[in-house]
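Q:
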Ligand code: ADP
């Protein structure tokens, strides 16, 4: 009988969901949707396979008081309504942190959940929402297997040195290491590299995931060798609201000279910095691009300069560069940002084909460019759905 998988990706203010047919390995979901603006004015949207908008129905009950649990409590019956005839086989979750213990997709049990809860301080903006989603599903349908797919997992292939901070050894032993994130996105891009790069797919590739959260991953043989995010998803590139790499002395200054407490510093670094902080306007790159405000332009210039600097910092790990791939909201859609980053990297042998870049083509480098440059859409949901299929098959619960 035909059954379905549900994938949930609970972000800080959004919930993305997709429903996949368990009978085929198609990457096209039966439906895909987003509830954006959770904690403010939630906006629901869902589309079917053909791209047609689906009726919001009971989802119009969402309001300013809706938190992630309320949203999921409304969404699950909405989905059951739309897919009433198709039994739900499993729910797969994108979970930001798997710590040192979890690398591969994992069937969630009470002890797994307890471990994931202990990791909340390492990803305070994301992990609580991932856990809320798991709990809401368990409350609704305790019989449904739930599977966690970790954003940290893809980076566990890195060698020991790439994961170390120059901190006293006891802190390293305690787990204060570089974990890296956006692993599901990198996993997906790694899986499609051969389609676009041929033999070069197993060469030296840097993937730039540029969205609200941004990071880069240096790959060899399509495995993570180094990445810009570290112990938390705060490190590395400048982001929508996050500061990225920062002299830790600034944190000491905020505490000692300005008397700021940890929760206020956390809010400053995670929510009030990045594009929003520098522009003083918004974290939305598209809005900043359309603005002639000098602070907006400075925020964009800093974003691009720091992205190029971070890319250069990854090069020793892979010893050069064969290809650069842009992905996620900004990477897939913004020709000016790709151009500005590549303009900083001409010395590496990167030359764009401006016309191809402007029309968001898949290959955007010039024919004579030493480094191939690509813009490829990511698809984290597919990775989660595939993991559900694989894990259930191995566990002897296939469709
Ligand atoms: P998230 O990390 O929340 O999944 P996305 O990957 O969807 O984020 O990326 C969101 C970012 O992408 C926003 O800053 C948005 O402005 C930007 N973006 C989307 N489309 C464009 C575009 N055409 N030009 C510039 N920026 C864009």
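In full-length UniProt numbering, the protein residues as written are 1 to 399.
Backbone N, C-alpha and C define an ideal beta-carbon position, used for all residues, glycine too.
Predicted model only: the values in this text are computed from it and were never measured.
1. How close, in whole Å, do the beta carbons of residue 250 and residue 323 come, if the pair is a contact with beta carbons under 8 Å?
2. Cβ-heavy atom distance between residue 235 and ligand 1 below 7 Å?
3. Among residues of its own chain, excluding the 5 on either side of residue 399, which ones have a beta-carbon nearer than 7 Å to its beta-carbon?
4. Any chance the CB of residue 123 is under 7 Å from a heavy atom of ligand 1?
5. Taking only heavy atoms of ligand 1 into account, decide whether any of them is closer than 7 Å to the Cβ of residue 297.
6. For residue 334, is the beta carbon positioned less than 7 Å from some heavy atom of ligand 1?
7. Name the two residues that bound the continuous alpha helix (DSSP H) containing residue 285.
8. Can you tell me the Cβ-Cβ gap for residue 37 and residue 13, rounded? I've got them flagged as a contact below 8 Å.
9. CB of residue 285 to nearest heavy atom of ligand 1: below 7 Å?
10. Where does residue 229 fall in DSSP's three states?
11. Report buried or exposed for residue 283, applying the criterion of at least 16 other Cβ atoms within 10 angstroms of its Cβ.
12. Looking at the secondary structure, which residues open and close the alpha helix (DSSP H) in which residue 169 lies?
13. Of all the options 317, 34, 214 and 150, which has the alpha carbon lying nearest to the alpha carbon of residue 238?
14. Quick check on the burial criterion: 16 or more other C-beta atoms within 10 angstroms. Buried or exposed for residue 160?
15. Measuring from the CB of residue 293, is there a heavy atom of ligand 1 at a distance below 7 Å?
16. Taking the continuous alpha helix (DSSP H) assigned at residue 234, which residues delimit it?
17. With distances taken from CA atoms, which of 59, 31 and 32 is nearest residue 44?
18. Would residue 350 and residue 369 qualify as a contact pair, given that the criterion is a beta-carbon distance under 8 Å?
19. For the alpha helix (DSSP H) containing residue 386, list its first residue and its last residue.
20. Do residue 115 and residue 152 have their C-beta atoms closer together than 8 Å?
21. Nearest by alpha-carbon distance to residue 20: which of 387, 356 and 309 is it?
22. Would you kindly check if the distance between the Cβ of residue 176 and the Cβ of residue 193 is under 8 Å?
23. Go ahead and pull the three-state DSSP assignment for residue 243.
24. Measuring straight from C-alpha to C-alpha, what distance separates residue 173 and residue 228?
25. Residue 327 to residue 185, Cα distance in whole Å?
26. Taking 7 Å as the limit between beta carbons, can you name the residues of its chain near residue 120, skipping five residues before and five after?
27. If you draw a straight line from the C-alpha of residue 248 to the C-alpha of residue 55, how long is it?
28. Considering only their Cβ atoms, is the gap separating residue 71 from residue 42 smaller than 8 Å?
A: In short:
1. Actually they are not in contact, since the Cβ atoms of residue 250 and residue 323 sit about 35 Å apart, beyond 8 Å.
2. no
3. Low per-residue confidence applies at residue 399: pLDDT is 45, beneath 50, and the placement is therefore not dependable, though the value from the model is reported in the following sentence. 3, 22, 23 and 89, listed in sequence order.
4. no
5. no
6. yes
7. 285-289
8. 6 Å
9. yes
10. coil
11. buried
12. 169-173
13. 214
14. exposed
15. no
16. No alpha helix (DSSP H) contains residue 234, which DSSP labels as neither H nor E.
17. 59
18. yes
19. 380-394
20. no
21. 387
22. no
23. coil
24. 21 Å
25. 9 Å
26. 127 and 128
27. 49 Å
28. yes
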